[in-house]
Amino acid sequence: MSLQKLTAELYQSFESKNYEQCQKLLPPIKIELIKHNLLVPTTLNTATTDQLNDLKIAQKILEIGALSSLLSNSYQSFENYFAQLKPFYESIKLTTSSSTTTKKSLLNSETTKIVSLYLLYLLSQGSISKFHIELETIYNSSQFDAEKDKYLQFPINLERNLMEGNYIKIWKLLNESDSKLPCQEYTHFTSTLITALRFEISKSLERTYDFLPINNCKSLLYFPQEQSDQVFEKILKEELEVENWEFLDGKIYFNVKDVESLEGEKNSTTIINNVLSYAGEIESIV
Amino acid sequence: MSELVNEIDQSFVLLGKASVNFDNRYVSKVFRELGPLRRNLVKSGKPLEVLSTVVNKTYPESHPNVGALRQIVGGSSTIESDSMEIDNTETSDAEILPEIDLYVHLLVQVVLLDLGELEKLDSFNNTIIDILQNYNKRSLDFIQAKIWFYIARTKELIGDFLTIRPALLNALRTSTLRHDDETTGSVITFLLRNYLLTHDINQASNLVEKTVFPEHSAGNAIVARYYYYVAKIHAIQLDYSSAHECCITSIRKCPQTQLASGFIKSSSKLNIVIELLMGDVPELKVFKNNANDATASNEVASSFLPYFEVTRAVKLGDLKLFSEVLKKYEDVFKKDDYYTLILRLRQNVIKTGIRIISLSYAKISLKDICIKLHLDSEESTEYIVSKAIRDGVIEASINHEHGYMQSKELLDIYSTKLPQSEFNQRIKFCLSLRSDSVKSMRYPSINDGKGDVKNGLEGKDDEFDLLKAIEEGDLDDFID
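Taken in sequence, the protein lines are chains A and B.
FYI, the UniProt record's numbering numbers position 188 of the first sequence as 188, with every residue one higher than the one before it.
FYI, the UniProt record's numbering numbers position 410 of the second sequence as 410, with every residue one higher than the one before it.
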């Protein structure tokens with residue numbers, strides 16, 4: 001089948017939200033793109049406007065690929081598509097010629113949407129370091145305007161509040177009615193992000209309190225009050241990997257002390273190791 | 001003008017020695033003179049004429065590189081070469097030394113850069129890259145490294161970051177294979193700089209991971225630069241403690257002269273930001289010293305002012321002041337390229353705020369904390385305080401039912417392992433300092449004592465100068 005036909009079919013199945021079909025169509029399309037030397041923008045194939053238009057179609061195809069893999073829950077392939085899209089976003093010729101305004105041309109566009117989805121993905125995976133590397137590029141690029149872009153603002157705010165420990169704001173951000181979110185695709189990450197959020201909170205809780213009434217703990221972790229204590233305990237142990245939480249008389253006791261005794265033993269071994277290494281060094285000097 | 005020609009001739013003599021003895025120290029001595037020579041060339045007003053005389057004098061007519069050189073420096077007119085005929089016949093018999101050949105190219109590069117003829121320089125660089133590939137001699141290492149510096153610098157000034165990368169990577173491969181540490185080290189730093197300027201942090205961190213930087217054999221100036229870039233990469237990756245270590249090393253390794261003040265300035269700034277991110281407050285000394293160093297220019301003092309104010313905001317734990325400072329100096333931070341790092345400081349401002357409160361009150365209600373720190377609500381205060389406790393910023397616990405925070409009794413620091421680990425760090429530092437200095441000591445080779453009695457006298461005269469040259473390092477690069 002020719003590239004045009006395949007592409008038309010892809011658009012169609014994407015419109016009708018048939019993401020499985022999209023995933024099937026994409027590999028042959030990519031092979032066609034490679035044949036036409038359109039998969040990666042280089043200085044050679046961005047010379048004429050015709051070529052630029054072709055590349056823009058290629059970019060569109062890859063964006064569909066990224067979105068459809070995200071929506072069908074294959075995160076690995078979403079990451080791959082994003083990696084393939086990156087050269088397109090970085091190619092200045094491609095991004096500036098697309099609109100009349102030359103600077104900050106990508107405000108609220110499809111591109112920033114995908115970038116912000118990738119940022120959310122990184123956050124939900126807990127790869128904060130990668131997140132900041134991406135952020136560094138975004139803040140310093142002439143095409144993005146992180147402060148004004150509604151898509152980019154979302155993950156950036158999320159990360160900032162997460163770092164501050166302002167969990168209540170995150171909870172509000174995540175639970176805004178779907179219409180308020182900048183785009184529908186974000187809802188895809190909410191469940192993973194909420195689990196990540198609860199994990200963070202539970203880690204703080206066990207260091208902060210000696211004990212906590214179960215009901216209060218539920219509300220602090222944003223679990224519904226109606227939930228029975230048994231279910232609550234089960235979820236805590238399975239999803240949040242809490243250890244040493246003891247349920248007693250309607251209260252939860254946090255026993256984190258045994259960790260410290262382990263550390264004590266570690267301490268003495270490190271001291272011994274240190275001293276031994278000094279001895280070795282001194283011997284070599286003398 | 002003839003003085004300058006003489007001066008260049010003198011350096012040719014030294015380069016000849018370097019070539020014969022395979023001793024790179026002679027080359028460093030030549031480079032010590034390069035800074036003043038460069039300024040004098042500019043002052044003389046006709047640097048190209050000087051160089052054309054030199055080219056005519058040293059190169060035989062048949063030399064393959066003469067064409068390209070003449071094209072740049074001009075003066076290929078027959079009349080001039082006629083007047084130099086006597087010299088020509090003298091030198092044409094002897095093959096021209098590769099050291100001298102490359103040095104002349106380097107001089108042309110420098111002059112073109114000073115004249116601002118970037119286009120010309122760029123095309124000239126391409127011919128140089130070809131020439132570099134033809135030579136393989138260890139006494140060329142220093143000159144090669146320098147030449148690559150100007151090649152990379154030219155591309156940077158033109159604003160073309162991408163096309164130079166393959167050439168640099170090639171150079172890195174060749175020099176690594178030849179164990180040419182000086183060039184390897186410099187090329188790595190140029191690549192890092194290139195990546196960082198285009199904000200390809202991923203690429204940069206990959207490069208750092210995959211390459212072995214010749215830390216002990218490359219020049220101090222290069223090592224200092226390398227550590228500065230690595231510190232920046234680590235800082236962006238949120239690995240503040242290693243970033244801090246690298247930044248300190250870079251400041252320590254950096255030559256302490258006027259020429260390198262720009263470098264010290266930016267690395268101190270980075271250090272301030274990193275220390276703040278780690279939750280430390282930089283000492284007032286840092287700002288004062290840097291202001292005093294350049295009493296001549298207020299510019300330096302004022303360039304540290306934004307950082308001083310940020311530090312103050314963090315130290316006071318005042319969010320309002322912090323956002324004001326951020327707004328006021330946004331352009332400065334963006335220009336210095338630390339804006340994203342400083343944005344991250346917001347959370348530290350809150351944390352220090354909490355710390356101050358926990359130090360002053362044994363018991364305080366969450367509501368009061370909320371009001372004091374201008375936070376949004378009592379609930380969010382509880383989360384923030386609890387996060388601070390988890391991160392080890394304060395030692396306290398919260399009573400949820402009554403809504404207050406209770407600070408724990410201050411621990412006696414000497415009952416913890418903190419002094420132990422601090423002490424350990426210092427011991428390790430001293431030991432590594434010692435072993436480094438033992439490694440870098442120069443021992444006279446066996447031949448020196450007996451075989452070269454004739455050269456002995458001459459050698460001793462040179463020795464002092466050479467040592468001086470090495471001590472000062474080549475600082476010229478820092479001018480830019």
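We put the CB at the ideal spot given by N, CA and C, even for glycine.
Predicted model, so just to flag it, every value in this text is computed and none were measured.
Tell me, please, whether the CB atom of residue i is closer than 8 Å to any CB atom in chain A?
i: residue 390 of chain B; result: yes
i: residue 206 of chain B; result: no
i: residue 129 of chain B; result: no
i: residue 346 of chain B; result: yes
i: residue 340 of chain B; result: yes
i: residue 420 of chain B; result: yes
i: residue 126 of chain B; result: no
i: residue 241 of chain B; result: no
i: residue 424 of chain B; result: yes
Against chain B, does residue i count as a neighbour if the rule is that its beta carbon must be under 8 Å from one of theirs?
i: residue 208 of chain A; result: yes
i: residue 265 of chain A; result: no
i: residue 165 of chain A; result: yes
i: residue 273 of chain A; result: no
i: residue 140 of chain A; result: yes
i: residue 122 of chain A; result: no
i: residue 251 of chain A; result: no
i: residue 114 of chain A; result: no
i: residue 18 of chain A; result: no
i: residue 56 of chain A; result: no
i: residue 190 of chain A; result: no
i: residue 248 of chain A; result: no
i: residue 281 of chain A; result: yes
i: residue 269 of chain A; result: no
Tell me where the beta strand (DSSP E) around residue i begins and ends.
i: residue 122 of chain A; result: That residue, residue 122 of chain A, is in no beta strand (DSSP E); its alpha helix (DSSP H) goes 110–125.
i: residue 145 of chain B; result: Unbroken run through residue 145 of chain B is the alpha helix (DSSP H), 141–158; no beta strand (DSSP E).
i: residue 396 of chain B; result: 396–399
i: residue 246 of chain A; result: 245–248
i: residue 96 of chain B; result: No beta strand (DSSP E) holds residue 96 of chain B; DSSP gives it neither H nor E.
i: residue 363 of chain B; result: 363–365
i: residue 251 of chain A; result: 251–254
i: residue 161 of chain B; result: Premise fails: residue 161 of chain B is in no beta strand (DSSP E) and is neither H nor E.
Terminal residues of the continuous alpha helix (DSSP H) containing residue i?
i: residue 429 of chain B; result: 418–440
i: residue 144 of chain A; result: Unbroken run through residue 144 of chain A: none, as it is neither H nor E.
i: residue 225 of chain A; result: Residue 225 of chain A -> no alpha helix (DSSP H), and no H or E assigned at all.
i: residue 11 of chain A; result: 3–15
i: residue 341 of chain B; result: 339–343
i: residue 203 of chain A; result: 187–208
i: residue 407 of chain B; result: Per DSSP, residue 407 of chain B belongs to no alpha helix (DSSP H); it is in the beta strand (DSSP E), 404–407.
i: residue 87 of chain A; result: 75–90
Does the distance from the C-beta atom of residue i to that of residue j stay below 8 Å?
i: residue 534 of chain B; j: residue 243 of chain B; result: Only positions 1 to 480 of chain B appear in this structure, which leaves residue 534 of chain B out of reach.
i: residue 314 of chain B; j: residue 322 of chain B; result: yes
i: residue 259 of chain B; j: residue 341 of chain B; result: no
i: residue 100 of chain B; j: residue 58 of chain B; result: yes
i: residue 352 of chain B; j: residue 392 of chain B; result: no
i: residue 181 of chain B; j: residue 218 of chain B; result: yes
i: residue 107 of chain B; j: residue 51 of chain B; result: yes
i: residue 142 of chain B; j: residue 271 of chain B; result: no
i: residue 144 of chain A; j: residue 135 of chain A; result: no
i: residue 39 of chain A; j: residue 33 of chain A; result: yes
i: residue 69 of chain B; j: residue 104 of chain B; result: yes
i: residue 311 of chain B; j: residue 282 of chain B; result: yes
i: residue 403 of chain B; j: residue 375 of chain B; result: no
i: residue 190 of chain A; j: residue 205 of chain A; result: no
Is residue i near the ligand FAD, judged by its Cβ being under 7 Å from some heavy atom?
i: residue 266 of chain A; result: Only the bare structure without any ligand can be found here, which leaves the ligand FAD out of the picture.
Practice prompt. Decide yes or no for the touch test of the region 34–45 of chain B against the region 107–119 of chain B: beta carbon pairs closer than 8 Å, at least 3 of them.
Written response: yes
Practice prompt. Could you pull out every unbroken alpha helix (DSSP H) segment of at least 4 residues lying fully inside the region 228–280 of chain B, listed in chain order?
Written response: 240–253, 261–277
Worksheet item: Does the region 372–389 of chain B come close enough to the region 148–157 of chain A that 3 or more CB-CB pairs lie under 8 Å?
Response: no
Discussion item. Below 8 Å, how does it come out for the region 420–434 of chain B and the region 380–399 of chain B: are there three or more Cβ pairs, yes or no?
Written reply: no
Discussion item. Between the region 249–256 of chain B and the region 219–234 of chain B, can you find at least three pairs of beta-carbon atoms closer than 8 Å?
Written reply: yes
Worksheet entry | the region 243–255 of chain A contacting the region 191–198 of chain A, beta-carbon criterion three pairs below 8 Å | no
Practice prompt. Output the residue ranges of the beta strand (DSSP E) runs that lie fully inside the region 353–389 of chain B and measure 3 residues or longer, sorted by chain position.
Written response: 363–365
Worksheet item: Unbroken alpha helix (DSSP H) runs of length 4 or more, entirely within the region 11–70 of chain B: which are they?
Response: 24–44, 47–58
Worksheet item: Looking at C-beta atoms only, is the number of pairs between the region 194–201 of chain B and the region 134–145 of chain A that lie closer than 8 Å three or more?
Response: yes
Discussion item. Count Cβ pairs between the region 130–139 of chain B and the region 14–23 of chain B that sit closer than 8 Å; are there 3 or more?
Written reply: yes
Discussion item. With three or more beta-carbon pairs closer than 8 Å as the criterion, would you say the region 8–23 of chain A touches the region 59–75 of chain A?
Written reply: yes
Practice prompt. Check whether the region 54–71 of chain B touches the region 4–17 of chain B, counting contact only when three or more Cβ pairs, one atom from each stretch, lie closer than 8 Å.
Written response: yes
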